[in-house]
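In this text, residue positions in the sequence shown follow our numbering: the first is 7, and each later residue adds one. Positions of the beta carbon are idealized from the N, C-alpha and C atoms, including for glycine. Everything on this sheet refers to the single structure shown next.
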Amino acid sequence: MSRPAPARSVNGLLLLMILLVLVLVAVLFVCRQRQQRSGPPPVAVTGLEIPARRNSDTPVPHEGYALGYRSDARQAAWVAYLLTAQEVAAAHEPRTNNFRPDPAVPGGTADNSDYEGSGYDRGHLASAEDLSYSRRSMSQSFYYSNMSPQVPAFNRGVWRRLEELVRFWATAYDSIYIVSGPVLEPGLPVIGPHHVAVPRYYYKAVLRYGHNGTEGIAFLLRNEPSAATLKSFAVPIDSVESVTGLDLFPQLPDETEIRVEGKVREKEWRWTRKNPKDF
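Here you go:
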């Protein structure tokens, strides 16, 4: 007749099993943390770039971007889109330069007569080069709803440099969300028969979201030439919201929105590239 196992042996086996379970749980936790830090980026959040709805803005979707149109200013108060590294790499469609009224805007938009002889460029709010990954998106970037009167040296200078920086970030961080537009304050001068407002300032807000970390930054630039570094124009997203009345990136969780919009963290962004030069 066999003897029952001593209670001490049973207790030891039970303790060993508990330790093994704890080790397994710890290993799974570490693996999950590593996956969250270095795994593939999450699926892009649909509409994350769209500001909160305002009665003064008419939302208009287009190929590759959306805009909120202000009929009193004859231009968009904001344009918004997601720009990916794949789209930047595929961007090779030639400029169409087919500036034309936007048929999707109720009541009509500006047209060629507003800008002819005005001394202002037809400045893109959603960059044509950002949207040059397809013929359709490139063409629709030339709607007058996406144009704003910009001082030529501003449009072809510091504004263009900022557009190049945004494309650099889209490549560096896999994807970014962009909201851009004029500051449509009261009493602005106007041009043309349709009384197109001439903004004094423009903004661009950028959000990166994913395995590269969630960070936000904005830029506020005067409509004039400048050779200053782009860093000198960096402001918190909250500052852009204050001067425009917009609520940007409203789909973010409240605690995340407070963190990324309340302060500029320059060190969280890449500002240099090997070719051709620093921004």
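8 Å contact criterion, which residue i and residue j should meet: CB distance rounded
| i | j | result |
| --- | --- | --- |
| ASN152 | LEU131 | 5 Å |
| ARG228 | TYR209 | The pair is not a contact, with the Cβ atoms about 11 Å apart (cut-off 8 Å). |
| PHE239 | PHE225 | 5 Å |
| GLN156 | ASP127 | 5 Å |
Beta-carbon contacts of residue i that lie in its chain and below 7 Å, excluding the five residues immediately before and after
| i | result |
| --- | --- |
| ALA97 | GLU135, SER138, TYR139 |
| PRO242 | ALA224, GLU267, GLY268, LYS269, VAL270 |
| ALA176 | LEU89, THR90, ALA91, VAL94, ILE182 |
| GLY114 | PRO107 |
| ASP253 | PRO57, ALA58, GLU247 |
Terminal residues of the beta strand (DSSP E) in which residue i lies
| i | result |
| --- | --- |
| GLU221 | 221-228 |
| VAL66 | 64-68 |
| ILE184 | 181-188 |
| ASP127 | 127-130 |
Residue i: first and last residue of the uninterrupted alpha helix (DSSP H) it sits in
| i | result |
| --- | --- |
| LEU171 | 164-178 |
| GLN81 | Careful: GLN81 lies outside any alpha helix (DSSP H), inside the beta strand (DSSP E) at 81-90. |
| PRO158 | 158-161 |
| ARG214 | Careful: ARG214 lies outside any alpha helix (DSSP H), inside the beta strand (DSSP E) at 207-214. |
| ARG265 | 260-267 |
| ASP120 | 118-121 |
| ARG142 | 141-146 |
| SER77 | From DSSP, SER77 is part of no alpha helix (DSSP H); its letter is neither H nor E. |
| GLU247 | 243-250 |
Contact under 8 Å by Cβ, residue i with residue j
| i | j | result |
| --- | --- | --- |
| ASP63 | TYR71 | no |
| GLU69 | ILE184 | no |
| TRP165 | GLY129 | yes |
| ALA110 | GLY187 | no |
| THR220 | PHE148 | no |
| LEU236 | ARG167 | yes |
| GLY163 | SER232 | yes |
| LEU211 | GLY222 | The sequence shown places Ala at residue 211, rather than the Leu named in the question. In contact: ALA211 and GLY222 (Cβ atoms closer than 8 Å). |
Cβ-based neighbour list, residue i, same chain, cut-off 6 Å, excluding 5 preceding and 5 following
| i | result |
| --- | --- |
| GLU169 | SER133 |
| ARG80 | ALA116, HIS200, VAL202 |
| PRO195 | VAL204 |
| ARG60 | none |
Whole-angstrom distance between residue j and residue i, CA atom to CA atom
| i | j | result |
| --- | --- | --- |
| ASP78 | PRO57 | 19 Å |
| LYS273 | GLN257 | 25 Å |
| GLY216 | ASP260 | 17 Å |
| THR250 | VAL172 | 21 Å |
| ARG265 | ASN118 | 43 Å |
| TRP277 | GLU230 | 23 Å |
| GLU191 | ASP120 | 20 Å |
| GLN39 | VAL189 | The predicted position of GLN39 is uncertain, since its pLDDT is 39 and thus under 50; a value taken from the coordinates is nonetheless stated next. Taking the straight line from one Cα to the other gives about 42 Å. |
| ALA86 | GLY53 | 9 Å |
| ALA178 | GLU99 | 22 Å |
| ALA5 | ALA159 | It is not possible to answer for residue 5, since the shown part of the chain is limited to 7 through 285. |
| SER245 | GLN146 | 30 Å |
| MET144 | LEU73 | 15 Å |
| LEU213 | PHE174 | 14 Å |
| ILE197 | TYR150 | 14 Å |
| GLU122 | VAL66 | 26 Å |
| SER154 | TRP275 | 28 Å |
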